[in-house]
Amino acid sequence: MRGRRKGRVRGGVSWLPSGRFALGVALVCVPLVLALFGPLFAGEAGPRATSFTLGDGHWLGTDFVGRDVWRQVLFGGRPVVVVALAATTLAYLVALPVGLISALTHRTWLEEALMRPLDVLLAVPSLLMILLISSVFSPGAAGLALLVALVNIPDAARIVRAAAADVASRPAVEALRMQGESWWRIAVGHVGRSILRPLAADAGVRLTGVLYLVATAAFLGIGVAPDAADWAVMVDRNRTGLFVQPWAVVVPALLIVTLTMGCNLLFDALLSTGREVATERDVVRRGVGVRDRVKEPRR
Amino acid sequence: MSGLRSWAARRLLLGGAQTVAVVVLVFALTEALPGDAAVALAGDQPDPARIAAIREALDLDRPAYERLADWATGLLHADFGHSLTSGRPVSSYISDAFGPTLLLAGLTVALLVPVGVGLGVLAARFEGRFVDRLISSVTLGVYAVPEFAFGVLLVTVFALRLDWLPPTAVGYGTDLLGHPAALVLPVLVLLSRPVCSLSRLVRAGMIDALASPYVAQARRYGIPGARVRYAHALPNAMAPAAQQLARTVDWLLCGVIVVEALFVIPGLGTVLMNAVAERDVPVVQGLAVVFGVITVVLNLGADLITHRFAPRAEVAA
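For the protein sequence lines, the chains are Z and W, in the order given. Sequential numbering from 1 applies to the first sequence in the numbering used here. Sequential numbering from 300 applies to the second sequence in the numbering used here.
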């Protein structure tokens with residue numbers, strides 16, 4: 001990362017960022033197109049055939065209950081992508097106000113009351129938290145999105161708060177305050193707008209982490225029907241026939257791998273352009289990702 | 300050193316608070332159900348006898364805070380209660396399944412440090428060259444991939460196509476050490492994510508350290524390059540990585556649950572997944588407390604160690 005910045009200073013742009021960008025796009029586009037538009041191309045469900053067979057009009061064979069694998073693949077991407085997007089959005093819907101308020105308030109007790117409980121939530125491993133709650137409730141797809149959002153809120157709120165506190169200490173905010181601008185205008189109009197870029201960076205990394213968590217939870221059978229058309233569920237359920245009919249497992253697994261891999265490469269390439277102001281700390285954080293929780297120092 | 304001591308005291312206090320919070324949170328999430336908890340837990344088999352048995356077993360007639368107090372006192376004596384489905388003590392579940400999980404986690408951590416640090420140092424040494432770009436891109440890509448998808452593909456290649464390794468650990472029971480071939484793929488899958496994050500952190504720290512004035516000074520003294528790299532720069536590059544190592548416990552835990560499900564290894568993760576499927580609340584609680592407390596303690600240890608070696612680094616709890 002440093003090398004690329006040096007390269008920029010010298011005026012030469014190495015092939016790496018664009019290469020990584022191209023690689024990311026190439027990897028992401030197949031699973032993403034399948035996930036978004038797959039259901040449009042899926043025909044009527046044919047009659048069920050024998051489990052785990054190849055050929056006989058089934059391009060990728062049949063799955064554990066004799067359904068056409070290709071049709072399941074066409075349907076199976078949408079839940080993964082939609083739940084991940086919904087969870088990321090939900091996490092920010094809560095994290096943004098919490099982080100903004102705790103960064104801009106002058107009442108210490110309010111800040112403590114908002115941020116301390118999140119510290120505690122951070123101590124519990126995220127998948128464990130999801131498993132705990134799902135052992136009592138049986139969440140559906142919406143429940144899974146809520147749970148994944150919930151475990152992402154603490155970290156997202158910390159990022160929002162750190163970014164907002166940085167902006168709030170600038171002279172511009174001081175000036176706005178002395179002009180008698182309303183709190184709302186300062187918070188949303190100025191601070192909110194100024195933190196958009198670091199938040200966009202964080203959102204990219206977070207989406208990758210959320211994709212990982214959503215797929216893993218679905219593989220473990222959380223928030224999905226046992227015979228759902230979902231790439232992760234397909235990998236889990238068709239494993240028993242791996243030796244007879246590997247395509248029912250390999251194709252969805254490959255799609256998940258290319259989707260997550262491509263996402264991370266793509267976001268990294270996107271974010272590395274226009275990151276001259278990034279500090280080394282940001283670089284370390286961003287480069288490693290959302291689940292690492294490289295902790296920000298308290299201000 | 301009083302600053303250090305008071306910092307350590309505050310960090311210990313936070314660790315204690317987090318432990319208490321984990322216990323309360325686990326209890327609250329699993330037992331403070333809205334409505335009748337016994338009916339909710341009976342789930343698919345809501346016959347009155349089963350509901351009564353659950354109510355009896357969990358003492359649901361008593362107020363929640365009394366049950367919490369009892370359960371927490373029991374935890375202090377390593378008494379986790381009894382399973383709802385089998386009636387066996389939860390501690391026997393934990394002690395039976397602890398071996399395989401510890402073996403998996405121990406092997407992973409033992410391999411993680413040399414491989415992660417090695418890759419990071421290698422990439423930093425050839426910064427901007429082909430080796431660095433290769434390592435950086437591959438670690439960035441693999442880092443985001445869920446273990447189960449990666450693992451299934453490895454099984455397809457190495458067990459199905461090449462027939463080098465067994466596809467699962469079925470039939471080996473808890474005696475995994477006697478069958479090292481069955482351990483190769485699980486450990487490889489567990490390593491995939493932590494190695495990527497660790498090597499990226501080491502690379503960033505190493506590049507920083509190699510560009511620092513003290514390394515330049517050491518070079519001017521004519522100290523051999525290898526010694527500058529490994530004796531001067533590497534220790535300073537390790538501080539952020541040491542913290543990361545503790546954070547990977549979180550992932551190892553996620554990874555262990557997935558890997559045990561994937562390779563059918565009878566460890567804590569398998570016990571947890573079975574208990575979740577059967578809504579066996581005492582077992583879920585016991586395992587959650589064990590996992591949660593291990594995470595809190597390891598993070599605490601890592602912060603204390605990092606603070607000891609690099610006091611200038613702000614290690615907020």
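C-beta atoms are modelled at their ideal positions from N, C-alpha and C, and glycine is treated no differently. Please read all numbers here as calculations on a predicted model, not as lab measurements.
Tell me the DSSP secondary structure of residue i in three-state form.
i	result
G398(W)	helix
G143(Z)	helix
G43(Z)	coil
G221(Z)	coil
G55(Z)	strand
F449(W)	helix
R304(W)	helix
E559(W)	helix
I393(W)	helix
T216(Z)	helix
R161(Z)	helix
L597(W)	helix
D549(W)	helix
G180(Z)	coil
H106(Z)	coil
P466(W)	coil
R193(Z)	helix
P308(Z)	There is simply no residue 308(Z) to check, as chain Z begins at 1 and stops at 299 in what is shown.
D202(Z)	helix
V80(Z)	helix
P31(Z)	helix
V277(Z)	In this prediction, V277(Z) has a pLDDT of 37, which is less than 50 and means its spatial position is unreliable; nothing more can be read from the coordinates.
I153(Z)	helix
L313(W)	helix
Just curious, the alpha helix (DSSP H) that residue i is in, first and last residue?
i	result
S382(W)	Element bounds for S382(W): n/a, residue is neither H nor E.
S498(W)	P479 to L509
R518(W)	P512 to R519
F267(Z)	W247 to S272
L461(W)	Per DSSP, L461(W) belongs to no alpha helix (DSSP H) and is neither H nor E.
R428(W)	It is not in any alpha helix (DSSP H) - R428(W) carries neither H nor E in the DSSP assignment.
L374(W)	A363 to L375
G568(W)	L567 to E577
P125(Z)	Where P125(Z) is concerned, there is no enclosing alpha helix (DSSP H), given that its DSSP letter is neither H nor E.
D236(Z)	W231 to R237
Run through the DSSP bridge pairs and tell me what residue i is partnered with.
i	result
D68(Z)	T62(Z)
P388(W)	H381(W)
Using CA coordinates, which residue listed in the options is at the minimum distance from residue i?
i	options	result
V251(Z)	Q72(Z), L40(Z), L23(Z) and T53(Z)	Q72(Z)
R492(W)	G415(W), V451(W), L567(W) and D431(W)	G415(W)
A156(Z)	V167(Z), V173(Z) and L199(Z)	L199(Z)
A541(W)	T569(W), P512(W), L312(W) and R499(W)	R499(W)
G314(W)	L551(W), L599(W) and V501(W)	L599(W)
V469(W)	H376(W), V483(W), T372(W) and V563(W)	V563(W)
L23(Z)	L439(W), N535(W) and V483(W)	L439(W)
L383(W)	W306(W), Q317(W) and A351(W)	A351(W)
G241(Z)	L54(Z), G204(Z) and P31(Z)	L54(Z)
V456(W)	L85(Z), V249(Z) and A269(Z)	V249(Z)
L544(W)	R349(W), L571(W) and V501(W)	V501(W)
L509(W)	P485(W), A536(W) and L312(W)	A536(W)
V441(W)	D227(Z), P246(Z), A217(Z) and G209(Z)	G209(Z)
V558(W)	L459(W), G386(W), I522(W) and V454(W)	V454(W)
V120(Z)	R78(Z), N152(Z) and V28(Z)	N152(Z)
E330(W)	Q584(W), L421(W) and S511(W)	Q584(W)
L406(W)	R354(W), V488(W), S496(W) and C495(W)	V488(W)
Cβ pair count under 8 Å reaching 3, the segment 222–236 of chain Z against the segment 254–267 of chain Z: As far as the Cβ criterion goes, the segment 222–236 of chain Z touches the segment 254–267 of chain Z, which means the pair count is three or higher.
The segment 113–133 of chain Z / the segment 213–230 of chain Z touching (three or more Cβ pairs under 8 Å): yes
Three or more C-beta pairs below 8 Å linking the segment 413–433 of chain W and the segment 458–465 of chain W: no
Stretch-stretch touch, CB-based, cutoff 8 Å, three pairs: the segment 84–99 of chain Z with the segment 143–161 of chain Z: yes
The segment 391–402 of chain W in contact with the segment 523–532 of chain W per 3-pair CB rule at 8 Å: no
The segment 394–402 of chain W in contact with the segment 554–570 of chain W per 3-pair CB rule at 8 Å: yes
Three or more C-beta pairs below 8 Å linking the segment 357–371 of chain W and the segment 318–332 of chain W: yes
Segment contact, 8 Å Cβ cut-off, at least three pairs: the segment 45–58 of chain Z with the segment 66–81 of chain Z: yes
Inter-stretch contact at 8 Å, needing at least 3 Cβ pairs: the segment 584–603 of chain W / the segment 402–413 of chain W: no
Three or more C-beta pairs below 8 Å linking the segment 128–138 of chain Z and the segment 578–585 of chain W: yes
The segment 106–114 of chain Z in contact with the segment 75–89 of chain Z per 3-pair CB rule at 8 Å: no
Members of the segment 209–227 of chain Z that neighbour chain C once the beta carbon cut-off is set at 7 Å: No chain C appears in this structure, whose protein chains are Z and W.
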